[in-house]
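First up is the structure itself, then whatever we jot down about it.
Below you can see the structure in the form of structure tokens.
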């Protein structure tokens with residue numbers, strides 16, 4: 121059973137606790153955006169500068185992406201305890217989306233520094249028995265692809281940026297969104 125924690129918000133003109141000011145706070149990291157969506161939705165929960173322009177993601181859009189990704193990962197066979205790696209050369213909202221989706225499934229997120237040497241990548245991916253990895257672009261995709269013959273647990277390499285012959289992270293989101301269209305898959 122989930123244990124709820126209550127937080128009291130007091131107004132400036134009163135020190136009295138009001139039922140409308142008592143909220144259950146999240147107890148799991150991946151519940152924070154849902155909490156934000158219900159209580160404090162933002163038009164710019166995440167932002168990234170791409171080619172000189174800001175791309176923002178609202179709380180609602182972010183939670184939808186995470187939900188779709190989680191369902192897509194589930195369709196790929198990701199289960200509790202599976203390890204999903206992530207390595208990106210730049211800060212990006214997609215990293216957070218993957219992180220939340222992975223945690224919501226009970227899987228383990230394995231972040232890898234993009235500047236690690238090839239031997240460190242190989243060790244981390246082998247030792248953790250990583251099932252899937254998300255990488256930012258061509259350089260990291262090629263690095264991990266070259267290691268793939270020795271990585272017996274690795275089932276897929278997905279990229280954030282478009283890379284020729286590489287599946288994109290959006291394909292998992294799209295599959296998840298399509299799967300959620302089916303009434304029996306909605307909760």
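Residue numbers (this note's numbering): 121 to 307. Glycine is no exception: its CB is placed at the ideal position from the N, C-alpha and C atoms. Note that the structure is predicted; figures quoted are calculated from it, not measured.
As assigned by DSSP and simplified to three states, the class of residue i
| i | result |
| --- | --- |
| residue 308 | Here the chain has residues from 121 to 307 only, and residue 308 is not among them. |
| residue 261 | helix |
| residue 251 | coil |
| residue 175 | strand |
| residue 256 | coil |
| residue 167 | strand |
| residue 232 | coil |
| residue 206 | strand |
| residue 288 | strand |
| residue 275 | coil |
| residue 147 | coil |
Sequence-distant residues of its chain with Cβ nearer than 7 Å to residue i (five each side left out)
| i | result |
| --- | --- |
| residue 195 | 295, 296, 299 |
| residue 221 | 186, 189, 190, 193 |
| residue 150 | 220, 223, 224 |
| residue 152 | 146 |
Buried or exposed (CB count within 10 angstroms, at least 16 for buried), residue i
| i | result |
| --- | --- |
| residue 172 | exposed |
| residue 243 | exposed |
Any chain C beta carbon closer than 8 Å to residue i
| i | result |
| --- | --- |
| residue 217 | In the displayed structure, chain C is absent; only one protein chain is listed. |
Close Cβ partners of residue i (< 6 Å) along its chain, the five nearest in sequence each way excluded
| i | result |
| --- | --- |
| residue 266 | none |
Expected contact under 8 Å - CB spacing of residue i and residue j to nearest Å
| i | j | result |
| --- | --- | --- |
| residue 156 | residue 212 | The pair is not a contact, with the Cβ atoms about 19 Å apart (cut-off 8 Å). |
| residue 286 | residue 277 | 7 Å |
Meets three-Cβ-pair contact criterion under 8 Å: the stretch 173 to 180 and the stretch 245 to 252 | No, the stretch 173 to 180 does not touch the stretch 245 to 252.
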